[in-house]
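What follows is a short report on a single structure.
Protein chains: 4
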Amino acid sequence: MIDSIIAEGDIVILSLEPRRTYMVKVEAGKTFHTHKGYVKLDELVGKDFGSTFQSSLGAMFTALRPTLSDYIMKSSRNTQITYPKDAALIVMFSSIGPGSRVVESGTGTGALTTALAHYVKPNGKVYTYELREEFQKNAEKNLKRSNLLDFVELKSGDVTMGIEEREVDAVVLDLATPWLVIPHAYEALKPSGTLVSFSPTIDQVVKATEALRENDFILIDTIECIMRAMQVERGKTRPQTLMTGHTGYITYARKALKPIKKEKEAASAKEDVPPIV
Amino acid sequence: MIDSIIAEGDIVILSLEPRRTYMVKVEAGKTFHTHKGYVKLDELVGKDFGSTFQSSLGAMFTALRPTLSDYIMKSSRNTQITYPKDAALIVMFSSIGPGSRVVESGTGTGALTTALAHYVKPNGKVYTYELREEFQKNAEKNLKRSNLLDFVELKSGDVTMGIEEREVDAVVLDLATPWLVIPHAYEALKPSGTLVSFSPTIDQVVKATEALRENDFILIDTIECIMRAMQVERGKTRPQTLMTGHTGYITYARKALKPIKKEKEAASAKEDVPPIV
Amino acid sequence: MIDSIIAEGDIVILSLEPRRTYMVKVEAGKTFHTHKGYVKLDELVGKDFGSTFQSSLGAMFTALRPTLSDYIMKSSRNTQITYPKDAALIVMFSSIGPGSRVVESGTGTGALTTALAHYVKPNGKVYTYELREEFQKNAEKNLKRSNLLDFVELKSGDVTMGIEEREVDAVVLDLATPWLVIPHAYEALKPSGTLVSFSPTIDQVVKATEALRENDFILIDTIECIMRAMQVERGKTRPQTLMTGHTGYITYARKALKPIKKEKEAASAKEDVPPIV
Amino acid sequence: MIDSIIAEGDIVILSLEPRRTYMVKVEAGKTFHTHKGYVKLDELVGKDFGSTFQSSLGAMFTALRPTLSDYIMKSSRNTQITYPKDAALIVMFSSIGPGSRVVESGTGTGALTTALAHYVKPNGKVYTYELREEFQKNAEKNLKRSNLLDFVELKSGDVTMGIEEREVDAVVLDLATPWLVIPHAYEALKPSGTLVSFSPTIDQVVKATEALRENDFILIDTIECIMRAMQVERGKTRPQTLMTGHTGYITYARKALKPIKKEKEAASAKEDVPPIV
Chain A
1 MIDSIIAEGD IVILSLEPRR TYMVKVEAGK TFHTHKGYVK LDELVGKDFG
51 STFQSSLGAM FTALRPTLSD YIMKSSRNTQ ITYPKDAALI VMFSSIGPGS
101 RVVESGTGTG ALTTALAHYV KPNGKVYTYE LREEFQKNAE KNLKRSNLLD
151 FVELKSGDVT MGIEEREVDA VVLDLATPWL VIPHAYEALK PSGTLVSFSP
201 TIDQVVKATE ALRENDFILI DTIECIMRAM QVERGKTRPQ TLMTGHTGYI
251 TYARKALKPI KKEKEAASAK EDVPPIV
Chain B
1001 MIDSIIAEGD IVILSLEPRR TYMVKVEAGK TFHTHKGYVK LDELVGKDFG
1051 STFQSSLGAM FTALRPTLSD YIMKSSRNTQ ITYPKDAALI VMFSSIGPGS
1101 RVVESGTGTG ALTTALAHYV KPNGKVYTYE LREEFQKNAE KNLKRSNLLD
1151 FVELKSGDVT MGIEEREVDA VVLDLATPWL VIPHAYEALK PSGTLVSFSP
1201 TIDQVVKATE ALRENDFILI DTIECIMRAM QVERGKTRPQ TLMTGHTGYI
1251 TYARKALKPI KKEKEAASAK EDVPPIV
Chain C
2001 MIDSIIAEGD IVILSLEPRR TYMVKVEAGK TFHTHKGYVK LDELVGKDFG
2051 STFQSSLGAM FTALRPTLSD YIMKSSRNTQ ITYPKDAALI VMFSSIGPGS
2101 RVVESGTGTG ALTTALAHYV KPNGKVYTYE LREEFQKNAE KNLKRSNLLD
2151 FVELKSGDVT MGIEEREVDA VVLDLATPWL VIPHAYEALK PSGTLVSFSP
2201 TIDQVVKATE ALRENDFILI DTIECIMRAM QVERGKTRPQ TLMTGHTGYI
2251 TYARKALKPI KKEKEAASAK EDVPPIV
Chain D
3001 MIDSIIAEGD IVILSLEPRR TYMVKVEAGK TFHTHKGYVK LDELVGKDFG
3051 STFQSSLGAM FTALRPTLSD YIMKSSRNTQ ITYPKDAALI VMFSSIGPGS
3101 RVVESGTGTG ALTTALAHYV KPNGKVYTYE LREEFQKNAE KNLKRSNLLD
3151 FVELKSGDVT MGIEEREVDA VVLDLATPWL VIPHAYEALK PSGTLVSFSP
3201 TIDQVVKATE ALRENDFILI DTIECIMRAM QVERGKTRPQ TLMTGHTGYI
3251 TYARKALKPI KKEKEAASAK EDVPPIV
């Protein structure tokens, strides 16, 4: 199979066990340097993905095709990225998939944009807004590298002033003031469409939730995913000592058509309903 | 837009705030009964998704298009389902997307199959193996309801004896003895392909990890996602009292080509590498 | 040893494996009824703690001396109790021990009072304030049952108006508006004394923290303990499916003498210091 | 009050906001150096605990009396310490208190010994076993510094060969092979006494649990406390980014008298009982 052979220009993950990975572009005449010696990238061309190469110091590197998670983690960064675990849940709770039209803001590093674009292809589109030009340029570079730029429209407007798109399937917010965008998100969304907002602080969650309630969104929920890694070794298995304790909260909701006549239900009533799983 | 109108035969989520939802098929002459009164399903036809309807007892139900998460949670069940949070991470770490060819085993309720099929369409395929005929039939029903059956091939072989497919992008395991399938998964996968295994117990994780190490998989990691919901109300915000403490561990890995000459690195060396995020 | 023999009047835990426990008072002529049959309490008298008795339906009950945790969990309740995990951390971060003089408010069920009294005996004292008389009476009953009433002074004043004690070692707050009590707690505490506040909501934590900062408390931190139980069985070990996701946050601090000239340090500076463990 | 004045020879915590602390012994003529300048320790003598001092570089240090948690965290270490959160839960689940007689093994740094001794004083005793002489000496130093040595008997025997004490209230295990000690712990304990074992790995938990079941212990449970710190700042409140993901599991149980005729109850039956809180 032709696409299982490494070609010049390919983006490749060089893996050094256990768990160290480097993302490189295969270019003629180049060498890639690590603390375990260098690898001549010419040697990779024509070999199978999955092959193992020896560095100048004898370390064994395996050349892998990058996964979506690799593209996210290896994003060129000028700000915080959205981690794969959060990107995964944002994608799930936005219910996007192939063909979806999605508005995102802000673009940031483009890490989340990469995830969204990965799933809406081949016939969907991500409209992503970013105010800072240098962020946009960096995101464009990341998207080009992951070969997903065709499924993304990079826009430079200010979403707190309005969203141009209409009848989109989902709006994904990852910016400091989601509550200012929620009225515009309502206008942009199809009825029954989904909104997902990602925020590190509780105060952002409270304000976003209030804006969602005021703007005829329903089924509003907030979750966080505490991801813990395991060290697996027979007789010594245990959770890893250090972990990321918090990245952010994910708030999601559905657009209902106005007017909704809501029944008054106390917040405490929430305790009566089944827990979110 | 034609597809934003509810038609006879549509699958609809009826939402009753806060957070109670029912999945119904819109059929002429039928009524849907809840503890808050009944809704005549005829009334929904021709209305917009997102519209709100009054039940016989005055409760307001909003009719929504089902999300992927709704289809998963409302699966007809004859065994445990894979929850959306886990399905999301399995999809992320398998790196599948539109066009991917994926082997899954076992089919179970088809909840995870639904997620996989949702993301591989329009031109990918999920080959899903299940030994128990009644499970397969139930999964077929769930997949038909979510309109994803075209992207799935339901198979009844025993994957511990072998996998028929070759050059697949990913193998997803959710069965009692993943370690017995891992050698076959190696054969089925493209070089550099991904394997993801979901298991509730630590013993399964240890055995699967050992089998992965013995079968030339690399970048083997295990994580769990502890999902916690928030009760959001200005002045009263707090994590929810009850939560699901555990569903399962997600182990993932990449196929390297044989032979890999591994450097011996103690398990303790793992502490040196950056934590998984 | 005389105190290892069950006597009339003793409080006993009847344990039915796995993990079902009942707290009973051994009274002549009484029987204790469960869904697994009844036990005649007379039979217990004169037997050793740790002995096993057969119920009328053949179930085996073991008679144990109650632990502190048993007394907490079996408190007669008219409001939420403080769970053992939180009581343990409150005791640790308040740094109390034998001989400590502690102010507590509110008394509530007396569950936390029980823990505090358990540790300050034989020569310390817990001064516990409660406004609602029925709560106080119930707490008194719980403390009498656990034989700790001698180490507690039940008080009925309103601590938001002031605390009578002076030079106490610790102030422990478990009430709706801790921030109103913090200035009085400052007056009551010895210099270098500890304050611990337990609150279910984040808003309470923020207000308490602000009040602590304004009232010359230092080393202010907030933590929560997410306790997860394991199901342990060779080959099937895993975290328990259901868990308590949240009980409350524990905020603790130390009293410094006025005036403290604080260096201005941005909240972001907190990231520089070692994480709390 | 005399004991609120800093005297020569006192152990003092010097606190530099936010959250940096140093433990020093006040000695005439000594200076204490930090990256924020030095403090002349002579200046502290005769001042109140809680007072604030300026360093040579103008940083403000507050002098506090050490808490139990300070003594634990500032232990002179030659091995891993038991963190305050775990020490707190071990103390709670062992149900020890003033007057208790406790066997501990191994002594290690003496951090957990410090916590145990703090709570059993003034008339209880901790018998702590350690094989490595240098550990024992270091622990002795830590216990002397925290003024708790009178309540501890440092022993050098091998507890896997036997425990000398009898009729103790609790046995606390923090060693690599708890299962080898459990039969001896049974002999040492009072009927109805408590055993608590702390272990980092799941395999240790499984083996300890099996040994407990075989040795007539009942009410056997295992929990872990995942402690998460909050960054509290109005408008920016959030869980801390980095956290300790795992320290260890706490297994606890009660001694029943032999023979117990156990009803056979499947592990799955555990699901029927209320979750541990």
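Residue numbers (the working numbering), protein chains in the order written: chain A, 1 to 277; chain B, 1001 to 1277; chain C, 2001 to 2277; chain D, 3001 to 3277. Just so you know, even glycine gets a beta-carbon here, dropped at the ideal spot from N, CA and C.
Checking the DSSP bridge columns, you'll see T1034/B partnered with G1037/B. Annotation: the continuous alpha helix (DSSP H) that includes T2114/C extends over A2111 to V2120. For I2202/C, the chain A residues whose C-beta falls within less than 8 angstroms of its own C-beta are I202, listed in chain order. For I202/A, the uninterrupted alpha helix (DSSP H) run begins and ends at I202 to E214, by DSSP.
Between F2217/C and A2170/C, the C-beta gap is not smaller than 8 angstroms, which leaves the two residues out of contact. Near chain B, meaning a CB-to-CB distance below 7 angstroms, the residues of the region 45-76 of chain A are D48, F49, G50, S51, T52, A59, M60, T62, L64, R65, T67, L68 and S69. Here the alpha carbon of N78/A sits roughly 58 angstroms from the alpha carbon of S2156/C. From the beta-carbon of K1236/B, the residues of chain C found nearer than 8 angstroms are T2201 and D2203. Put simply, the region 1218-1228 of chain B does not touch the region 1124-1138 of chain B. Fewer than three CB pairs are less than 8 angstroms apart.
The beta carbon of A3229/D sits closer than 8 angstroms to the beta carbons of P3239, Q3240 and M3243 from its chain, once the five residues preceding and following it are set aside; these are given in chain order. Taking C-beta separations shorter than 6 angstroms and ignoring five residues to either side along the sequence, the partners of A2208/C in its chain run P2178, W2179, S2197 and T2251, following chain order. Of all residues in the region 2089-2102 of chain C, only L2089, V2091, M2092, F2093, S2095, G2097 and P2098 come within less than 7 angstroms of chain D when Cβ atoms are compared, listed by chain position.
Judged by DSSP in its simplified three-state form, D2003/C adopts helix.
For P1084/B, a Cβ of chain A is located within less than 8 angstroms of the residue's own Cβ.
The C-beta of V1232/B comes closer than 8 angstroms to at least one C-beta of chain A. Residue burial annotation: H3033/D is exposed, with fewer than 16 other C-beta atoms found within 10 angstroms of its C-beta.
Counting C-beta pairs closer than 8 angstroms gives fewer than three between the region 131-144 of chain A and the region 84-99 of chain A, which falls short of the contact rule.
Note on geometry: alpha-carbon atoms of S2146/C and A2117/C lie some 10 angstroms from one another. Counting only residues of its own chain and dropping the five nearest sequence neighbours on each side, A3185/D has a CB closer than 6 angstroms to the CB of V3171 and L3195. According to DSSP, V102/A shares a beta bridge with V126/A and A170/A. When C-alpha distances from E1043/B are compared across H1035/B, A1063/B and K1036/B, the shortest belongs to A1063/B. Against chain D, a Cβ distance below 7 angstroms from M243/A picks out M3243 and G3245.
Under the criterion of beta carbons closer than 8 angstroms, R234/A and V1206/B qualify as touching, at roughly 6 angstroms. According to DSSP, residue pairing for L3016/D in a beta bridge involves R3020/D. Distance from the CA of V3012/D to the CA of V3024/D, rounded to the nearest whole angstrom, comes to 5 angstroms. For secondary structure counted as the beta strand (DSSP E) over 3 or more consecutive residues, the region 2049-2111 of chain C holds these complete runs in sequence order: 2052-2054, 2060-2064 and 2101-2105.
With contacts defined by Cβ atoms closer than 8 angstroms, V26/A and L41/A form a contacting pair. In terms of Cβ geometry, F49/A and V39/A do not form a close pair [threshold 8 angstroms]. Cβ atoms of G37/A and S55/A come within 8 angstroms of each other, at about 3 angstroms. Buried is the label assigned to R1065/B, since at least 16 other Cβ atoms lie within 10 Å of its Cβ. Within the same chain, Cβ atoms closer than 8 angstroms to the Cβ of G245/A are found at I226, the five residues on either side in sequence being excluded. Judged by their CB atoms, I81/A and I90/A are not nearer to each other than the 8 angstroms cut-off. Of the other Cβ atoms in all chains shown, fewer than 16 fall within 10 Å of the Cβ of G3009/D; this residue is therefore exposed.
For E3027/D, there is no enclosing beta strand (DSSP E), as DSSP marks it with neither H nor E. By DSSP's assignment, S3197/D forms a beta bridge with L3173/D and T3251/D.
A Cβ of chain D is located within less than 8 angstroms of the beta carbon of L2257/C.
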